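Residue numbers (our numbering), protein chains in the order written: chain A, 790 to 1143; chain B, 148 to 475.
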């Protein structure tokens, strides 16, 4: 399929590095960091103008490192257009910035479609601006391209807080393809939710079963309605429902297992940060580890809902069964520090400076 | 959050009431039965109902020129509304206000308003009044994307914030201010972003999903009653009809309208009710029939009602309080 691009920007100077360099892609979700948790949980507010600023800093640093082309997902706020126009107006744009020519639906579908297109364009790295939900959408379509997630969402267990400038540098290093993905990335786990053998959906961090019956405002912020938490990883320094198992048993991304927590009584109570600013005692009946690639069945005792990475997604009818499988089929997540240290050892940055 | 079957049925009935009322008004206006201008709410039903189902009779709303939906959702009676639209003396304002000025203080409807953004300062006054009287009443202020550029919007948001007033600002972002697309009149996509500048929460929600609107409004109302101050809720929605009846809508593409009609909030909610066993198709059809009959009765009532007397043209211009003050 031929990918059409909207208008090429670019001005002036050519990049400083003449060596082989792939392009990079940027997916900035204009809806991240805006859900009901601002109302019920004092969650972080990152407005879209700040996302424009982050994208500008990514572009500026990536172009200094020799990236020649950057592709950006279009969105309702025009984050990509604004970043490009601002830099062009300031005469700071030296790289070609393309906005993907795709229809905007103002939904998760945009992120998925942009991921598909960026892979067809063979970008060397995708940088995302969003939370766990945004990256989950990317992971649904992503295969081998490394992903560098910058946190601009609510519950940010998957993405990290990274300065855009540094992210641009790391993405450029990844796009140079000097390093093997295994050396600079971790292959993520994911939870696959199966129904009669077919893949229903995935989660990168957690799947939560709650007795809500509608999707509504999507987010889940109260543990009163929750019966089960399934995680790929759990750490006490995480936020959201994956922190509950994190206060019982730490599961790292590198561990070849996941975890399942059953909530209720009798059992012990764990105090955990289930949402930003919401630290609650959570009654835990039991917790057990999930072997990689092995399905664990759940039969719904009542009409309920599965929330994936913090958002209600899959309605479950009473008596309906689904399987949860933790696999290693998630994205290649770029480890920024590892990447930069590896580049340092090969004198990557000195070459750029010559 | 689990909602009772009774509440869900009430939501569906009210959405259907708004739709049927507006459809009939459209027909009647075309037949010349309704004088003046009418601005219809078809397509936006989930927003008014999702918000107002969280309110008590003692709570207040301020409305807009596109106010029929708000009034029905707050409990306005169809026959008095229809009589008002017909300009009859049995109407809510004795037939002297028409579509854009319907009010019913008994159930907290502080009035529709023909001036864009005029409900905003009224809602702040209402919120301040509740605060000074020490009640737990909240005020919901409905307004549109166009109004969010008015000075009244910013002044109201500022004062409500400073005084932590129990006001919920509900912006119905239907993408057009009269004929002006949102992206041509403001440099932001989410109007909820503007709350941040005034120091209180702003949330964007799918205004065509009655359950999502209900859930967000529930938390905002709770917050207001508890004294935590105002909230801005932006409901993304779309009006199917023109800005006014008779508007040729040359400023928008047919495809855009079709896309939004496919997101019709009523069948979407009906599907949810059916799939989750809250109502059968037959029961939903029964609600529809009963609403149609209620709307017809409202039309009959309006048609049989008298026009105001000439002598009444100069009454109700000023409130009795003003007259009493003059007399003193």
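Ideal placement from N, C-alpha and C gives every residue a C-beta, glycine not left out. A quick note: this is a predicted structure, and the numbers were derived from the prediction, not measured.
Output the distance between the C-alpha atoms of residue i and residue j, rounded to the nearest integer angstrom.
i, j, result
"residue 380/B", "residue 337/B", "10 Å"
"residue 962/A", "residue 848/A", "14 Å"
"residue 861/A", "residue 895/A", "15 Å"
"residue 1032/A", "residue 1026/A", "7 Å"
"residue 892/A", "residue 865/A", "11 Å"
"residue 96/B", "residue 857/A", "No answer is possible for residue 96/B: the residues shown for chain B start at 148 and end at 475."
"residue 259/B", "residue 291/B", "13 Å"
"residue 190/B", "residue 198/B", "15 Å"
"residue 792/A", "residue 904/A", "Unreliable positioning characterises residue 792/A in this predicted model, as indicated by a pLDDT of 45, which lies under 50. The coordinate reading is nonetheless provided below. If you take the alpha carbons of residue 792/A and residue 904/A, they lie about 13 Å apart."
"residue 794/A", "residue 889/A", "Confidence is the limiting factor: at residue 794/A the pLDDT is only 43, short of 50, which leaves the residue's position unreliable and the question unanswerable from this model."
"residue 389/B", "residue 1060/A", "54 Å"
"residue 505/B", "residue 256/B", "Residue 505/B lies beyond the residue range present for chain B, which begins at 148 and ends at 475; the question has no answer from this structure."
"residue 334/B", "residue 459/B", "48 Å"
"residue 1075/A", "residue 939/A", "33 Å"
"residue 319/B", "residue 859/A", "36 Å"
"residue 228/B", "residue 455/B", "15 Å"
"residue 294/B", "residue 444/B", "35 Å"
"residue 330/B", "residue 321/B", "12 Å"
"residue 470/B", "residue 463/B", "10 Å"
Excluding the 5 residues preceding and the 5 following residue i in the sequence, name in chain order all residues of the same chain whose CB lies nearer than 6 Å to its CB.
i, result
"residue 796/A", "Residue confidence for residue 796/A is low, a pLDDT of 37 falling below 50, so the modelled location carries little weight; the figure read from the coordinates is stated next. None."
"residue 212/B", "186, 247, 261"
"residue 1104/A", "1094"
"residue 196/B", "158, 161, 162, 220, 357"
"residue 1035/A", "1023, 1024, 1025, 1027"
"residue 398/B", "326"
What residues from chain B crowd round residue i, counting only those whose CB sits closer than 8 Å?
i, result
"residue 898/A", "Per Cβ cutoff of 8 Å: no residues; residue 898/A is ~13 Å from chain B at best."
Anything in chain B within Cβ reach of residue i, meaning under 9 Å, just list it in chain order.
i, result
"residue 1100/A", "Residues of chain B passing the Cβ test: none, with the nearest at roughly 12 Å."
"residue 823/A", "337, 339, 340, 349, 350, 351"
Under 7 Å between beta-carbons, which chain A residues line up against residue i? List them in chain order, please.
i, result
"residue 411/B", "Those do not exist, as residue 411/B stays about 17 Å from chain A at its closest Cβ, beyond 7 Å."
"residue 378/B", "828"
"residue 343/B", "834, 836"
"residue 322/B", "The contacting residues do not exist; residue 322/B stays about 11 Å from chain A at best."
"residue 359/B", "1005, 1006"
Which residues in the same chain as residue i place their Cβ atom closer than 7 Å to its Cβ, once the five residues preceding and following it in sequence are excluded?
i, result
"residue 1138/A", "1132"
"residue 974/A", "935, 1121, 1122, 1123, 1124"
"residue 392/B", "173, 176, 185, 187"
"residue 932/A", "908"
"residue 984/A", "1111"
"residue 1067/A", "830, 1010"
"residue 154/B", "200"
"residue 926/A", "897, 900, 901"
"residue 192/B", "162, 165, 166, 216, 412, 413"
"residue 408/B", "387"
"residue 1082/A", "1114, 1116"
"residue 1089/A", "1105, 1106, 1107, 1108, 1109"
"residue 827/A", "834"
"residue 1020/A", "994, 995, 1031, 1034, 1040, 1047, 1048"
"residue 275/B", "310, 312"
"residue 838/A", "none"
Show which residues of chain A have a CB atom less than 9 Å away from the CB atom of residue i.
i, result
"residue 207/B", "Going along chain A, no residue has its Cβ under 9 Å from residue 207/B, so there is no contact; the nearest lies around 21 Å."
"residue 370/B", "828, 829"
Just the chain A side, please: which residues come within less than 8 Å of residue i by C-beta, in chain order?
i, result
"residue 367/B", "828"
"residue 362/B", "825, 1005, 1006"
"residue 419/B", "1003"
Please list, in chain order, the chain B residues whose beta carbon lies closer than 7 Å to that of residue i.
i, result
"residue 1061/A", "The contacting residues do not exist; residue 1061/A stays about 21 Å from chain B at best."
"residue 865/A", "336"
"residue 1002/A", "149, 423"
"residue 1092/A", "423"
"residue 842/A", "Chain B residues near residue 842/A: none, gap ~14 Å exceeds 7 Å."
"residue 819/A", "336"
Note down, in chain order, each residue of its chain lying with its Cβ closer than 8 Å to the Cβ of residue i, except the 5 sequence neighbours on either side.
i, result
"residue 1014/A", "999, 1000, 1001"
"residue 1005/A", "1101"
"residue 875/A", "841, 845"
"residue 308/B", "345, 346, 347, 376, 377"
Tell me, please, whether the stretch 219-234 of chain B touches the stretch 410-430 of chain B by the rule of three or more beta-carbon pairs shorter than 8 Å.
no
Can you check the stretch 357-405 of chain B for any alpha helix (DSSP H) of at least 4 residues that lies completely inside it and give the ranges in chain order?
357-372
Answer yes if the stretch 227-238 of chain B comes into contact with the stretch 267-281 of chain B, meaning at least three C-beta pairs across the two stretches below 8 Å, and no otherwise.
no
Taking 8 Å as the cut-off, does the stretch 813-831 of chain A touch the stretch 333-348 of chain B (at least 3 CB pairs, one atom from each stretch)?
Touching, per the Cβ criterion.
Quick check for students: name the residue ranges of the alpha helix (DSSP H) that lie wholly in the stretch 280-344 of chain B, counting only runs of 4 or more.
298-309, 329-332
Does the structure place the stretch 950-960 of chain A close enough to the stretch 1035-1054 of chain A that three or more beta carbon pairs sit under 8 Å?
Contact between the stretch 1035-1054 of chain A and the stretch 950-960 of chain A is absent, because fewer than three Cβ pairs lie under 8 Å.
Whole runs of the beta strand (DSSP E) within the stretch 1047-1074 of chain A, excluding any shorter than 3 residues
none
Which runs of the beta strand (DSSP E) spanning at least 3 residues fall entirely within the stretch 1092-1132 of chain A, listed in chain order?
1093-1097, 1100-1105, 1110-1116, 1121-1123
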